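Peer 1:
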Amino acid sequence: MTDRSDRRLLMVRADLVRVALMACILGMILSRPDLPAGQVGPGPILSLIAMAFLFGAAELIRDNAAQTILPALVAPGDLERANGQIWSAEQVAGQFAGPPLAGLLIAAGIALPFGLDASVYALSAALVWLIALPPRLPAESPRFWAALREGLAWMRANPQLLRLAVMLGVINAVFVGGMTILVLYAQEILDLSATGYGLLLTVGAGGGVLGGLLAPWVARHIGMRASLLAALTCFVLVHLLLGLGASVTLTGLALFLEAAAGMLWNVVTVSYRQRLIPDALLGRVNSVYRFFGWGAMPFGALGAGALVTLLEAPLGRAAALHAPYLLGALACLGLLLYARLRLRFD
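1 is the number of the first residue of the sequence shown in our numbering; add one for each residue after it.
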């Protein structure tokens, strides 16, 4: 879809779909404001599930189009800086401003967050519409499956990119597995309250902001390969800290370091893809690449939960909660060794 459409207009349409979905939810709330949750029938629940599915699809389309449009907006040498600034801004809005603002709005009125969301998505659509770009239409519009096969063939013909995609899948599975049990780890190992857990996540978000801002400088001074090796080394250290420690300070440090290293990895690899992949194929190849990363996430969550359940009886609860992080450290160490042997950038 991204390669067969005007990417700017695709982003606008995805944002407008999200405006419509938020407006529908807002309408549902306003039409029955005093209905207790226990009296909600299956119809509204199924409607919310369908809208959540559509919202996720629109977000995925929009994000992929946003990544593929960036090379048309900035010079190739500025891609790292642009990506770092974009993700740092997203981190500030999503992790710092978003949660407390949502709490305040819900306290004032349950409909307010959805009204604000609809307004923000409408503003986003308007701002993207104002981006000055010539209309982009492909010279040819091959059939869907033929176009998809072309993107897959290009990916297979570039083993370096395929290696990075597989590595991203492993990294995301490990990350999501750790985040899945982090709330239990914080409550039972660190003895944190809900407020303390929120502060812990905020510390991690701070690492993401700093990582996004510093990643272009790091990549420029030590190079792409060394940057990725540094990020993988940090991932190993992070999971060792979580797997062997039981300290709030060390956990906060680990989350801060993990978010910073994750930003470094993302800035370097996304900028590399944006430079490497031909514009006509960028949407398709980027989608396949992202499928590796996103597709592995549910397996990480299921695997971490299953591992804790399996080990709790023989090893005890505390050891079981540490185990996914130790396994994650081994997985990241394997990736680090593999990367040292196989990753080469011209």
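Where is the CB? At the ideal position from N, CA and C, for every residue including glycine. A quick note: this is a predicted structure, and the numbers were derived from the prediction, not measured.
State the DSSP-derived secondary structure class of Ile29, mapped to helix, strand or coil.
Peer 2: Taking the sequence shown and counting its residues from 1, one reaches residue 29 at position 29. Ile29: helix per DSSP, three-state reduction.
Peer 1: Does the Cβ of Ala139 have 16 or more other Cβ atoms within 10 Å, making it buried, or fewer, making it exposed?
Peer 2: Taking the sequence shown and counting its residues from 1, one reaches residue 139 at position 139. Caution applies to Ala139, whose pLDDT of 48 falls short of 50 and renders its modelled position unreliable; the model cannot decide the point.
Peer 1: Leu255 to Pro42, Cα distance in whole Å?
Peer 2: Numbered from 1 along the sequence shown, position 255 holds the residue referred to as residue 255. Numbered from 1 along the sequence shown, position 42 holds the residue referred to as residue 42. The alpha-carbon atoms of Leu255 and Pro42 are separated by roughly 39 angstroms.
Peer 1: Quick one: Cα of Leu70 to Cα of Arg81, how far?
Peer 2: The count along the sequence shown starts at 1 and reaches residue 70 at position 70. The count along the sequence shown starts at 1 and reaches residue 81 at position 81. Between Leu70 and Arg81, the C-alpha separation is close to 11 angstroms.
Peer 1: What residue range is occupied by the uninterrupted alpha helix (DSSP H) comprising Ser271?
Peer 2: On the sequence shown, position 271 is the one that residue 271 refers to. Start and end: 248–276.
Peer 1: What did DSSP end up calling Leu190 once you bin it into helix, strand or coil?
Peer 2: By 1-based counting over the sequence shown, the position of residue 190 is 190. In the structure shown, Leu190 sits in coil (DSSP, three-state: anything other than H, G, I, E or B).
Peer 1: Name the two residues that bound the continuous alpha helix (DSSP H) containing Ile352.
Peer 2: There is simply no residue 352 to check, as the chain begins at 1 and stops at 346 in what is shown.
Peer 1: With a threshold of 6 angstroms on Cβ separation, who are the neighbours of Gly208 within its own chain once the five nearest residues in sequence on each side are excluded?
Peer 2: Stepping through the sequence shown from its first residue, residue 208 is reached at position 208. Counting only residues of its own chain and dropping the five nearest sequence neighbours on each side, Gly208 has a CB closer than 6 angstroms to the CB of Gln91, Ala259, Met263.
Peer 1: Once DSSP output is grouped into helix, strand and coil, what is the label at Ala139?
Peer 2: Sequence index remark: in the sequence shown, residue 139 carries index 139 (1-based). With a pLDDT of 48 at Ala139, under the threshold of 50, the predicted position of this residue should be treated as unreliable, and no value is reported.
Peer 1: Between Phe114 and the rest of its own chain, which residues show a CB-CB distance below 7 angstroms, the 5 nearest in sequence each way excluded?
Peer 2: Numbered from 1 along the sequence shown, position 114 holds the residue referred to as residue 114. In chain order, Met22, Ile25, Leu26, Ile29 place their CB closer than 7 angstroms to the CB of Phe114, counting only its own chain and leaving out the 5 sequence neighbours on each side.
Peer 1: Which residues in the same chain have their Cβ closer than 7 angstroms to the Cβ of Leu311, if we skip the five residues on either side of it in sequence?
Peer 2: One-based indexing of the sequence shown puts residue 311 at position 311. Within the same chain, Leu311 has close Cβ partners Ala319, Ala320, Ala323.
Peer 1: Rounded to whole angstroms, what's the CA-CA distance from Phe125 to Leu213? Just pull it up for me.
Peer 2: By 1-based counting over the sequence shown, the position of residue 125 is 125. By 1-based counting over the sequence shown, the position of residue 213 is 213. The identity of residue 125 in the sequence shown is Ala, whereas the question assumes Phe. Cα-Cα distance, rounded: 26 angstroms.
Peer 1: What would DSSP say about Ala117, mapped onto helix, strand or coil?
Peer 2: Along the sequence shown, one-based indexing puts residue 117 at 117. For the record, residue 117 in the displayed sequence is Asp; it is not Ala. Reduced to three states, the DSSP call for Asp117 is helix.
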